[in-house]
Amino acid sequence: MKILACISVVPDTTTKITFTENNSQFNTAGVQYILNPYDELAVTRGLEIAEANGGTLTIVHVGRAESEPVIRKALSMGANEAIRIDADPTDAQYVAEEIAKIAVGYDLILTGRESIDYNGGVVCGMLGSLLGITSINVVTRIDYADGKFSFDRDIDGGRETVSCAGPCVASAQKELCEPRIPNMRGIMAARTKPLQVLAPQATANFANYASYELPAAKSGVRLIDASEAGKLIDILRNEAKVI
Amino acid sequence: MSVLVFAEISDGKFKKATFEAVSYGRQVADMLGSKVVAIAIGNGANASELGEYGAHVVKTIQTSDSFTADAYAAAVNASANEVSASTVIISNTYTGKSLAPRLAQLMGASLATNVVSMPDTSNGFQVKRSVFSGKAFAFVNLQRDKKVIAITPNSFEIKTFGESAVVESASSSLGSTGLNIDAVNKVTGKIPLTEAEVVVSGGRGMKGPENWHMIEDLATALGAATACSKPVSDMDWRPHSEHVGQTGITIKPNLYIAVGISGAIQHLAGVSSSKVIVAINKDPEAPFFKAADYGIVGDAFEILPQLIAAAKN
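Chains A and B, in that order, give the protein sequences. Following the working numbering, the numbering of the first sequence begins with 52 at its first residue and continues without gaps. Following the working numbering, the numbering of the second sequence begins with 22 at its first residue and continues without gaps.
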């Protein structure tokens with residue numbers, strides 16, 4: 052079985068977000084980059100399924116050389132090989148089209164539910180459409196038996212159990228698994244695992260980011276004494292008018 | 022040319038998020054000087070009701086099949102072609118998020134999800150979307166002739182137009198799907214967290230799952246959904262599906278009440294777009310008070326009963 056896990060590299064969750072150049076660029080100064088937490092789940096579950104079925108897991112990433120430490124981390128978790136498409140991941144459409152070009156021949160393709168920077172959550176569906184295969188969003192369980200993949204997926208107000216034959220593409224949601232922590236052997240092995248760098252195949256952009264803004268700061272908290280907490284309900288009803 | 026709105030049906034009814042999408046679609050159509058067509062897939066919903074929210078025409082596809090991204094995307098794309106839709110509006114629910122990318126692909130359209138503004142067409146076609154899990158917003162230019170816009174629930178006021186819509190059967194039917202639906206487990210009668218207007222959320226300060234009845238009682242009294250912080254779901258006090266924050270669910274209710282949550286940057290990212298935030302914490306230095314509109318410093322176990330009593334009143 053051949054499994055492909057698509058990873059993105061994102062600012063650490065504790066990052067304070069700021070912008071430069073008249074709010075047109077994300078300020079990368081001092082930012083620590085990590086493997087997108089949902090993609091970490093995709094890699095982990097992909098590895099578990101590959102290992103249980105005598106398969107392999109390939110990592111793919113669209114990004115520049117600065118991403119290589121994070122790609123090596125995914126390799127140190129146990130992935131067999133990695134592909135880096137050497138381009139700026141300008142929008143989801145671009146990323147999906149670049150990945151689709153190398154994604155043929157895999158039985159299962161995994162992405163994270165969304166990247167925690169741009170939060171699009173659309174690469175899974177785009178890959179499904181580009182490759183003409185089934186896409187299953189926000190899965191909390193993936194199992195493989197008798198030639199079929201079975202999933203639990205979050206739906207509005209509940210959960211659904213679904214199944215299909217491969218190839219298919221699914222996006223990893225929390226609860227899928229516990230992220231695997233690389234061990235020393237994995238870290239050593241990752242140094243020499245194949246990391247292929249491919250040139251992009253010039254796809255057109257569908258969207259571009261013109262500028263950014265930060266949410267308006269709160270004007271300050273109004274404190275209510277704990278002994279008359281019930282007054283809060285009155286304020287929310289009659290002043291803020293939110294209940 | 023027209024604006025097409027995907028009118029999501031859940032349990033035989035249109036959702037509030039659907040009315041938001043239709044009303045948003047009407048305002049976009051008015052800007053562009055075109056008509057609004059809604060496409061409603063499923064059984065039971067009263068299609069003509071969408072006229073009230075601005076739809077001129079509602080096309081229906083009757084089916085009892087569950088949502089699958091491939092089949093629905095094919096059907097919505099066929100409708101988009103039929104009515105020459107330049108723009109498709111979808112609500113950013115789980116269903117909408119699954120549908121939007123496949124549909125955008127089929128249409129060759131630019132796609133923006135998590136959209137929180139009306140489009141600005143003064144110079145091209147620009148929308149504002151939330152990024153960095155609510156820590157910032159981005160202005161995005163959608164460059165293709167066709168656009169798919171997925172709007173964040175609770176971001177737009179529902180406008181009513183007092184009109185009636187023409188209801189007709191769509192000429193397309195649901196496409197085929199590669200997915201088998203084996204079991205559905207829906208919690209009925211509970212408000213989905215992402216669409217709730219009021220959310221009551223508990224953190225480590227609640228001291229244990231056995232105390233959650235107080236969060237639930239307050240939520241019930243306010244008609245709210247319940248949520249929790251990351252440590253609470255990590256300790257299995259509450260299900261992961263209730264975890265709001267940067268690596269959980271991002272929500273945008275009118276009112277967010279945080280009880281016993283300190284307000285770490287990752288948590289605030291997921292809730293800071295809420296219209297009104299209330300923080301209840303025994304630590305006056307808790308960072309949440311800096312992000313809140315109202316605050317009560319004190320013991321949650323003394324404050325919650327007072328709030329529940331007042332809310333029931």
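Ideal Cβ placement from N, Cα and C applies to all residues, glycine included.
A direct Cα-Cα distance of roughly 29 Å separates V293(A) from E231(B).
Using beta-carbon distances, S262(A) counts as an interface residue toward chain B, with a partner under 7 Å.
With 16 or more other Cβ atoms inside 10 Å of its own Cβ, E226(A) counts as buried. Per DSSP, reduced to three states, the secondary structure at E165(A) is coil, with no helix or strand assignment.
Put simply, the backbone Cα of A332(B) is about 13 Å away from that of I278(B). Within the DSSP secondary-structure output, T81(B) pairs in a beta bridge with A61(B) and S190(B). Close to E226(A), with beta-carbon spacing below 7 Å, are these residues of chain B in chain order: H261. Not flagged as an interface residue toward chain B: D139(A), since no C-beta distance is shorter than 7 Å. Assignment of beta strand (DSSP E) within the segment 224 to 252 of chain A, counting only whole runs of 3 or more residues, yields 246 to 249 in chain order.
A buried status is given to M177(A), since no fewer than 16 other beta-carbon atoms sit within 10 Å of its beta-carbon.
Residue-level contact by beta carbon holds for K207(B) and chain A, with a gap shorter than 7 Å. According to the DSSP secondary-structure assignment, T108(B) is paired through a beta bridge with V24(B) and K168(B). According to the DSSP assignment, K199(A) belongs to no alpha helix (DSSP H) but to the beta strand (DSSP E) extending over K199 to I206.
If the five residues before and after A217(B) are omitted, its C-beta is found closer than 7 Å to the C-beta atoms of A245, A246 and P274, all from its own chain and listed in chain order. As a beta-bridge residue in DSSP terms, H112(A) pairs with R135(A). Among the residues of chain B, those whose CB is under 8 Å from the CB of I275(A) are Y315, G316 and I317, following chain order. Annotated three-state conformation of E264(A) is strand, per DSSP. By the neighbour-count definition (other C-beta atoms within 10 Å, threshold 16), M239(A) is an exposed residue. Per DSSP, the unbroken alpha helix (DSSP H) holding V49(B) starts and ends at K37 to L53. Secondary structure at Y157(A): coil, using DSSP grouped into helix, strand and coil.
Residues of chain A whose Cβ lies closer than 8 Å to the Cβ of A121(B) are, in chain order, V173 and G176.
Contacts with chain B at 7 Å (Cβ-Cβ) include L265(A).
Contact holds between the segment 87 to 96 of chain A and the segment 154 to 174 of chain A, because three or more Cβ pairs, one in each stretch, are under 8 Å apart.
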